[in-house]
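> Those sequence lines, one after another, are chains A and B.
Take the first sequence: its letters are residues 0 to 388, numbered as in numbering that gives the first Met the number 0.
Take the second sequence: its letters are residues 0 to 110, numbered as in numbering that gives the first Met the number 0.
Just passing along the structure, written as structure tokens.
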Amino acid sequence: MLRSAQLAGYAERYGAGIGHVMAATAEMVGPVASHFPVTKKADPTATPWAARYLRCDDSASTLQCTTENMYTDQDKYNSRCWVERNDFTPRVKQNSVKTPHHASWHPGWREHLYKGRLITFVLLSALEHGLEGMSRVTREEGVPYDGSNWHMEGVHEEVRSRLRKEMEEMGESAPPGGECFEAINFKSVQVLQSLTETNGTRLGGGQVLPHHGRSIARIICGRKMNCRTDYTPRADPERNLRGIVVDVPEGMEKNLLLGEEEYGGGDVAIEGQKVPEGEVDVVGLVTGGSGIGLASPTDSAGNHSAQIPKPTAPGTDPKFWRLAKSMVGTCDGTKCTSCGRNADSNCLLYGRNDAEVYIVGNKNTGPIKFEIPVERGGRAVEVSERGGV
Amino acid sequence: MLLATNLSLYPNPNPIGQLIMLRYKAPGNVDKKTKIRAKVEVNGERKVDETFTAVSDLSRQKVVTEEQLVVWYEEGRAEKAKGKGGEDVIRVTFNVEEGSSEVMLTHLYWA
Chain A
0 MLRSAQLAGY AERYGAGIGH VMAATAEMVG PVASHFPVTK KADPTATPWA
50 ARYLRCDDSA STLQCTTENM YTDQDKYNSR CWVERNDFTP RVKQNSVKTP
100 HHASWHPGWR EHLYKGRLIT FVLLSALEHG LEGMSRVTRE EGVPYDGSNW
150 HMEGVHEEVR SRLRKEMEEM GESAPPGGEC FEAINFKSVQ VLQSLTETNG
200 TRLGGGQVLP HHGRSIARII CGRKMNCRTD YTPRADPERN LRGIVVDVPE
250 GMEKNLLLGE EEYGGGDVAI EGQKVPEGEV DVVGLVTGGS GIGLASPTDS
300 AGNHSAQIPK PTAPGTDPKF WRLAKSMVGT CDGTKCTSCG RNADSNCLLY
350 GRNDAEVYIV GNKNTGPIKF EIPVERGGRA VEVSERGGV
Chain B
0 MLLATNLSLY PNPNPIGQLI MLRYKAPGNV DKKTKIRAKV EVNGERKVDE
50 TFTAVSDLSR QKVVTEEQLV VWYEEGRAEK AKGKGGEDVI RVTFNVEEGS
100 SEVMLTHLYW A
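Shown next as structure tokens:
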């Protein structure tokens, strides 16, 4: 599929860009595992904090510490549902023991920390390489920095040419779209033929003539696909499905509201998520000590403040389409924002972003109309000489 | 200095039509009479008006399954944009006709 994507010129859709690098980097975890320091059961603190409990057996070539041979559930998961605070008490009683979804197959936060650092290292190295190149070229050629140095079009075309040549040498054909065409199973979808004047042919639901199937496949395999959804997390929470509903009848607007958070402002830090004194605080280094995430401000006595309870009241009028299973807050998958502070939550600090949010209706809710945003062409950003945008 | 992020680096093989895909969920015990009507208007001109039977994986009685329907129409190569800012205004309308099941709209795709 990747090869097909590269040939057709839409490799980025299949993660052939940075996502591919990240996946490849994550796969490095196994090969390098045998070089990890072993955490001794008798003295786990002898192992550096970030490497602790990743390898627990001298003979092991994988990261395989388990609850059986080494750590407790508290070592594997460091999330908590709530930390008591003096300025705010949730209306719903919070789970005090542990957060949900502690599955046996889950690697836990330690492996995630390791993978995250590994991927970050690769990206930072690439960034450094790029900046050094930019610096060198501007020293030699001056400014402005010529677009040919950073546009990827030539690179992608070169990859495509070499791939075509390789395939030809191996006796393989390289049709445009290639395996993408085959990957699309039109039997599973219902297809409408338009009532366009230019064609005039109509197909009933579920029936696809080869000609039309190929036309549709050419769109899917050759164009940038756009999407709107309310599923979370989304990199840009503002790009959602409910935001493109138009001609909203009176009374329906409230049904499409996300609702408000149970409380606002920062959170009290969870003890198990703090970097121990004396260990390398990577986030602290990058942010100058301010850390990532919402931290609740405290006064001189250590009391937390600035919490503003906000009652949540999304509409549920059965006469209209409504948003269901919504996750309130800014669910962009980062730790810098708050997500899931739903008023009915019993685990407000969980921070899990995954939610399948949808707009639900039935025969009594009437029509729902979407206006498809026109998102074509390029985008230009003016950068001043001082670097401001 | 002008930096431009060129989203058109990748070849557009042939602009032959507009494709819209709706992903929706329906309960495993979906009422087989449930129908979804889809209409597409481009610059106020009706391009599509068709009704689909809502489908679901009937083998998973109590599970909500995800399905999709695809709407496709030819753009017409000589058709000129008449909408806002010279771009086409594309509007898609869905409504549930007949049947007792709920339909859950999850994703709207277009290309």
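Beta carbons are placed, not taken as given, at the ideal position from N, Cα and C, and that holds for glycine.
(1) Output, in sequence order along the chain, the residues in the stretch 242-253 of chain A whose CB is closer than 9 Å to any CB in chain B.
(2) Determine which residues share a DSSP beta bridge with residue 234/A and list them.
(3) If we ignore side chains and look at the alpha-carbon of each, how far apart do residue 72/A and residue 80/A end up?
(4) With residue 108/A as the anchor, note down where its beta strand (DSSP E) starts and where it stops.
(5) Which residues in chain A have a C-beta closer than 8 Å to the C-beta of residue 141/B? List them in chain order.
(6) So which residues of chain B does residue 240/A contact, with C-beta pairs closer than 9 Å?
(7) Tell me residue 64/B's beta-bridge partners as DSSP assigns them.
(8) Which residue's Cα is closest to the Cα of residue 89/A: 359/A, 144/A, 362/A and 340/A?
(9) Hey, could you find the ends of the alpha helix (DSSP H) residue 286/A is sitting in?
(10) Starting from the C-beta of residue 92/B, find all residues in its chain whose C-beta is less than 7 Å away, skip the five residues before and the five after it, and write them out in chain order.
(11) Run through DSSP, which three-state label would residue 44/A get?
(12) Just mark residue 363/A as buried or exposed, buried being the case when its beta carbon has 16 or more other beta carbons within 10 Å.
(13) Alpha carbon to alpha carbon, what distance is there between residue 367/A and residue 444/A?
(14) Using 8 Å as the threshold, is the stretch 90-103 of chain A in touch with the stretch 120-130 of chain A, meaning 3 or more CB pairs across them?
(15) State the beta-bridge partners of residue 347/A as determined by DSSP.
(16) Counting Cβ pairs closer than 8 Å, one from the stretch 143-159 of chain A and one from the stretch 315-334 of chain A, do we hit at least three?
(17) According to the Cβ coordinates, are residue 359/A and residue 229/A closer than 8 Å?
(18) Interface residues of chain B around residue 370/A at Cβ under 9 Å?
(19) Nearest to residue 72/B by CA position, among 53/B, 40/B and 27/B, is which residue?
(20) Looking only at its chain, what residues have a beta carbon closer than 6 Å to the beta carbon of residue 104/B, apart from the 5 residues adjacent to it on each side?
(21) Out of 351/A, 373/A, 369/A and 372/A, state which residue places its alpha-carbon closest to the alpha-carbon of residue 98/A.
(22) Shorter than 8 Å from the beta carbon of residue 139/A to some beta carbon of chain B?
(23) Apart from the five residues on each side of it in sequence, which residues of its chain come closer than 8 Å, Cβ to Cβ, to residue 209/A?
(24) Going by beta carbon distance, what residues of the same chain come within less than 8 Å of residue 349/A, once the five residues before and after it are set aside?
(25) Looking at chain A, is there any beta carbon in it that lies within less than 8 Å of the beta carbon of residue 31/B?
(26) What does the alpha-carbon distance come out to for the pair residue 145/A and residue 241/A?
(27) Would you decide whether residue 120/A is buried or exposed? Buried here means 16 or more other CB atoms lie within 10 Å of its CB.
(28) So, does the CB of residue 364/A fall closer than 8 Å to a CB anywhere in chain B?
(29) Looking at C-alpha atoms only, which residue of 35/A, 239/A, 51/A and 104/A is the closest neighbour of residue 41/A?
(30) Just to make sure I have the definition right: I need the residues of chain B whose C-beta is within less than 7 Å of the C-beta of residue 228/A. Which are they?
(31) By Cβ distance, which residues of its chain are closer than 8 Å to residue 330/A, with the 5 residues on each side in sequence left out?
(32) Output yes if chain B places a C-beta closer than 8 Å to the C-beta of residue 208/A; else output no.
(33) Closer than 8 Å, CB to CB, is residue 373/A near chain B or not?
(34) Give the secondary structure of residue 20/B by DSSP, where H, G and I count as helix, E and B as strand, and everything else as coil.
(35) Of all the options 106/B, 98/B, 63/B and 109/B, which has the alpha carbon lying nearest to the alpha carbon of residue 27/B?
Here's the rundown:
(1) 243, 245 and 246
(2) Within the first sequence, numbered from 1, the residue matching residue 234/A stands at position 235. Residue pairing for residue 234/A: DSSP places it in no beta bridge.
(3) Within the first sequence, numbered from 1, the residue matching residue 72/A stands at position 73. Within the first sequence, numbered from 1, the residue matching residue 80/A stands at position 81. Their Cα atoms are separated by approximately 15 Å.
(4) Looking up residue 108/A in the first sequence gives position 109. DSSP places residue 108/A in no beta strand (DSSP E) but in the uninterrupted alpha helix (DSSP H) bounded by 107-140.
(5) Any question about residue 141/B goes unanswered here, given that chain B covers just 0 to 110.
(6) Here residue 240/A is taken as the residue at index 241 of the first sequence, counted from 1. Residues of chain B passing the Cβ test: 104, 105, 106 and 107.
(7) Here residue 64/B corresponds to residue number 65 of the second sequence, with the count starting at 1. Note: residue 64/B sits in a beta bridge opposite 25/B.
(8) By 1-based counting over the first sequence, the position of residue 89/A is 90. Closest option to residue 89/A, Cα to Cα, is 340/A.
(9) Here the question's residue 286/A lines up with position 287 in the first sequence. Residues 281-286.
(10) Against the second sequence, residue 92/B aligns to sequence position 93. The residues are 38.
(11) Indexing the first sequence from 1 puts residue 44/A at position 45. In this structure, residue 44/A counts as helix in the three-state DSSP scheme.
(12) For the purposes of this step, residue 363/A is identified with residue 364 of the first sequence, where counting begins at 1. Per the 10 Å Cβ criterion, exposed.
(13) What the structure shows of chain A is the stretch from 0 to 388, and residue 444/A is not part of that stretch, so it cannot be assessed.
(14) no
(15) For this step, residue 347/A is matched to residue 348 along the first sequence. Looking at the DSSP assignment, residue 347/A forms no beta bridge with any residue, so it has no partner.
(16) no
(17) In the first sequence, the residue the question calls residue 359/A occupies position 360. In the first sequence, the residue the question calls residue 229/A occupies position 230. Inclusion of residue 359/A and residue 229/A in the CB contact set at 8 Å is not warranted, their separation being larger than that value.
(18) For this step, residue 370/A is matched to residue 371 along the first sequence. The contacting residues are 88, 89, 90 and 91.
(19) In the second sequence, residue 72/B corresponds to position 73, counting from 1. Relative to the Cα of residue 72/B, the nearest Cα in the group 53/B, 40/B and 27/B belongs to 40/B.
(20) Your numbering for residue 104/B matches position 105 in the second sequence. Answer for residue 104/B: 23, listed in chain order.
(21) Position 99 of the first sequence, counted from the start, is the residue given in the question as residue 98/A. Nearest to residue 98/A by C-alpha distance, out of 351/A, 373/A, 369/A and 372/A, is 351/A.
(22) In the first sequence, residue 139/A corresponds to position 140, counting from 1. Chain B contact via Cβ: absent.
(23) Position 210 of the first sequence, counted from the first residue, corresponds to residue 209/A. With a pLDDT of 45 at residue 209/A, under the threshold of 50, the predicted position of this residue should be treated as unreliable, and no value is reported.
(24) For the purposes of this step, residue 349/A is identified with residue 350 of the first sequence, where counting begins at 1. Once the five neighbours on either side are set aside, the close Cβ partners of residue 349/A are 78, 80, 98, 99 and 339.
(25) Here the question's residue 31/B lines up with position 32 in the second sequence. Residue 31/B does not count as touching chain A.
(26) As a working mapping, residue 145/A is identified with position 146 in the first sequence. As a working mapping, residue 241/A is identified with position 242 in the first sequence. Those two C-alpha atoms are separated by around 41 Å.
(27) Looking up residue 120/A in the first sequence gives position 121. The residue in question, residue 120/A, is exposed, as its Cβ has fewer than 16 Cβ neighbours within 10 Å.
(28) Residue mapping note: residue 364/A aligns to position 365 of the first sequence, counting from 1. It does; some Cβ of chain B falls within 8 Å.
(29) Stepping through the first sequence from its first residue, residue 41/A is reached at position 42. Nearest C-alpha to residue 41/A: 51/A.
(30) The sequence position of residue 228/A within the first sequence is 229, counting from 1. Those within 7 Å of residue 228/A in chain B are 105 and 106.
(31) As a first step, residue 330/A is located in the first sequence; it is residue number 331 there, counting from the start. Once the five neighbours on either side are set aside, the close Cβ partners of residue 330/A are 231, 232, 233, 236, 336, 338, 339, 352 and 354.
(32) Counting from one through the first sequence, the residue named residue 208/A turns up at place 209. Bear in mind that a pLDDT of 40 at residue 208/A, under 50, signals an unreliable position, so the number given afterwards is only what the model happens to contain. Cβ-Cβ to chain B under 8 Å: no for residue 208/A.
(33) Start at 1 with the first residue of the first sequence, and residue 373/A comes out as number 374. Yes, residue 373/A lies at the interface with chain B (some Cβ there is under 8 Å from its Cβ).
(34) Indexing the second sequence from 1 puts residue 20/B at position 21. Reduced to three states, the DSSP call for residue 20/B is strand.
(35) Here residue 27/B is taken as the residue at index 28 of the second sequence, counted from 1. Of the listed residues, the one whose Cα sits closest to residue 27/B is 63/B.
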